[in-house]
Amino acid sequence: MDLLRTIAARFSPLLNSRWLSEGAVVPDKDTVGRLGERIAARWLHTRGCRVLYRNYRAPKGGELDIVCRHGEVLAFVEVKTRTSTAFGRPADAVTPDKQQLIVRGAQGWLRLLHGKEFPWRFDVMEILLIPGRRPEVNWIQSAFNTEELRRTLAQRRR
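When the count follows the numbering used here, it moves up by one through the sequence shown with no breaks and lands on 171 for the last residue.
Here it is as structure tokens:
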């Protein structure tokens, strides 16, 4: 029970946002996205992850919403936030093209490690911010891998 109170206390500023109340006007896409990323970072932290960086942009293109350590694993996390599921789940928006940008961002990050070896993976965090309800968080670990992406892109070129 104490764990639930601790989690609720940490999230209360985010959970009690005025626009999450019933009938509130939903803010613009960028504001929703930033709130989703803040929720995701705090959520990961409460589950023992160490958030290393947010909104990394690689020099040769590519982007990462969150880079964190989950135990010994380096996780490159894409956060997708939606205010409804009318157009599918948030993770559906992580298309092969988006995955390519994430992979490019991860390659840039790994270059910063100067050859140090870490196990790593690509995760997706779905954040649903439906007015009148508490945010829903779904953490999809190992959501995709580079081999699957390579096959998908090769098939598309045919």
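Glycine residues also receive a C-beta, built at the ideal position from the N, C-alpha and C atoms. All values reported here derive from a predicted model rather than from experimental measurement.
Between the CA atoms of residue j and residue i - distance to the nearest angstrom
i, j, result
"A104", "L48", "17 angstroms"
"I153", "E130", "23 angstroms"
"R163", "V116", "11 angstroms"
"G75", "R146", "33 angstroms"
"A71", "L77", "8 angstroms"
"T165", "N151", "24 angstroms"
"P40", "C81", "28 angstroms"
"T59", "W133", "20 angstroms"
"G84", "I140", "23 angstroms"
"L142", "L65", "25 angstroms"
Per-residue DSSP class, three states only, for residue i
i, result
"K93", "strand"
"E149", "strand"
"E160", "helix"
"E85", "coil"
"D105", "helix"
"E130", "coil"
"A21", "At A21, the pLDDT of 48 sits below 50, so the modelled position is not reliable and the matter cannot be decided from this model."
N- and C-terminal bounds of the alpha helix (DSSP H) containing residue i
i, result
"R124", "109-125"
"L57", "42-59"
Residue i Cβ short of 7 angstroms to the ligand NAD heavy atom set
i, result
"G75", "This structure lacks the ligand NAD; in fact it carries no ligand of any kind."
Span of the beta strand (DSSP E) around residue i
i, result
"L65", "63-70"
Report yes or no: do the stretch 147-161 and the stretch 103-116 share at least 3 C-beta pairs separated by less than 8 angstroms? A contact exists between the stretch 147-161 and the stretch 103-116.
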